[in-house]
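Enquirer: Dropping the structure in here first, questions after.
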Amino acid sequence: MASRLLVILLIVLASGILFGQQETLYMTVLNSRKHRLGARDNPTVGLFVSTDAGTSWQHRGWRGYIRTFYSEVGPDGTIWSACGNGVLQSTDNGGRWRIATGWEITEVLKVKVDPSNPAIIYAVTAYGIFKTIDHGKIWYEKNVGFQNPFTSDVLVDRSKNLQLFAATEEGVFRSRDGGDHWLLAGLEGKGIRTIVQDPKDFNKLYVGTEDDGFCLSGDGGNTWNRSNEGLQHRTVYAIAVDGQNSRTIFLGTHGGGVYRSLDGGKNWEQKGVGLKNLDVHSLVTLPSNSQTVFAGTLNGGLYRSTNGGESWEFNSQEEAQVWGLSVR
């Protein structure tokens, strides 16, 4: 009897652990050909959430049409969404929303939360970077040093306090003081579309460029090298790194669908079987199961692979522009 109770207890504990590790996926739909202008509710655009690896999705957006590019969740559970009219904030899992920025911050393309401090958020805009240190109450412009303020992405370095990297139209810029000052770090004159950090080795940084392919740094951003062997489509919108084996990297490209590298970005192979739309603007892998990969396309909706990118099947949001994907 005692042994049976022990087995039951172990099963319950294991179930609780697994449940606690369950990821939540966040999909941001910018536009959809199925969207009806003037409709009060727009379930085809905005933020969608899945807690079952993409089997089902729930709309967590707002009433009325708001152009939304990307959503991210902070360590405290607050959802931040980058929108055309500023940054939106929800503290109840998307039930209610408020505009966290003023009139001067618009065309927000991405929003990034400091992983060590949920009160610090960076808004990446067509007019540069804005920062808040008080959960969105006050925002400060952080563009000193930029040649061109248009910014596509920002990376909060997990290994060095206050160090940031910005993806700009003039290359990769670095700040060592939390965004107060910026200096060119590499790839001068290149349009950078996205920048990510290796989840295992923080000295490794990866960027996707406009027309110049994939570039990487192995020394924390001091030097950069192009690595395009096998990459036929050189505009890279999205990068996803396998959280369990960071030598596996996925790229979302313009016109070429998804590419995969199994050797840390040295060689690339196109992986588009099943993809009906080859303009891939967003990518994400599941931390608990790296064989599951999601690809957001422009006007083709969301696709999912359950075999590490070997093949893809349509998942959700037919004819939609899936601009952003994130997981927590």
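Each residue of the sequence shown is one higher than the one before, counting from 3 in the numbering used here.
Don't be surprised by glycine CBs; every beta carbon is placed ideally from N, CA and C.
As the structure is a computational prediction, the values presented were derived from the model and not from experiment.
1) Given 8 Å as the limit, is there contact between the region 110–118 and the region 48–64, that is, 3 or more CB pairs closer than that?
2) For Lys268, which residues in the same chain have their Cβ closer than 7 Å to its Cβ, ignoring the five residues on either side in sequence?
3) By Cβ distance, which residues of its chain are closer than 7 Å to Asn227, with the 5 residues on each side in sequence left out?
4) Check this for me: beta carbons of Ala240 and Thr170, under 7 Å apart or not?
5) Roughly how many angstroms lie between the CA atoms of Asp213 and Ile135, to the nearest whole one?
6) Quick check on DSSP: helix, strand or coil for Ser154?
7) Grab the span of the beta strand (DSSP E) containing Val295 for me, first residue to last.
8) Between the Cα of Val31 and the Cα atoms of Asp179, Cys85, Val243, which residue gives the shortest distance?
9) From what residue to what residue does the beta strand (DSSP E) around Asn33 run?
10) If you measure between the beta carbons of His183 and Val146, is that distance less than 7 Å?
11) By how many angstroms is the C-alpha of Asp179 removed from the C-alpha of Phe316?
12) Do the CB positions of Arg160 and Phe204 come within less than 7 Å of each other?
13) Helix, strand or coil for Thr53 per DSSP?
14) I'd like to know whether the C-beta atoms of Gln91 and Gly138 end up nearer to each other than 7 Å.
15) In its own chain, which residues sit with a C-beta less than 8 Å from the C-beta of Tyr261, not counting the 5 before and 5 after it?
16) Within 10 angstroms of its Cβ, does Gly311 collect 16 or more other Cβ (buried), or is it exposed?
17) So, at 8 Å on beta carbons, what are the nonlocal neighbours of Asn247 in its own chain, with the 5 sequence-adjacent residues on each side left out?
18) Can you give the Cα-Cα distance for Asp78 and Gly298, rounded to whole angstroms?
19) Which first and last residues belong to the beta strand (DSSP E) in which Ala125 is found?
20) Could you have a look at Arg228 and say whether DSSP puts it in helix, strand or coil?
21) Taking the beta strand (DSSP E) that Glu315 falls in, what are its first and last residues?
Expert: Put simply:
1) no
2) Ser229, Glu231
3) Cys217, Leu218
4) no
5) 35 Å
6) strand
7) 291–299
8) Cys85
9) 27–34
10) yes
11) 43 Å
12) yes
13) coil
14) yes
15) Gly232, Leu233, His235, Phe252, Leu253, Thr255, Trp270, Glu271, Gln272, Lys273
16) buried
17) Ser292
18) 26 Å
19) 123–127
20) strand
21) 315–318
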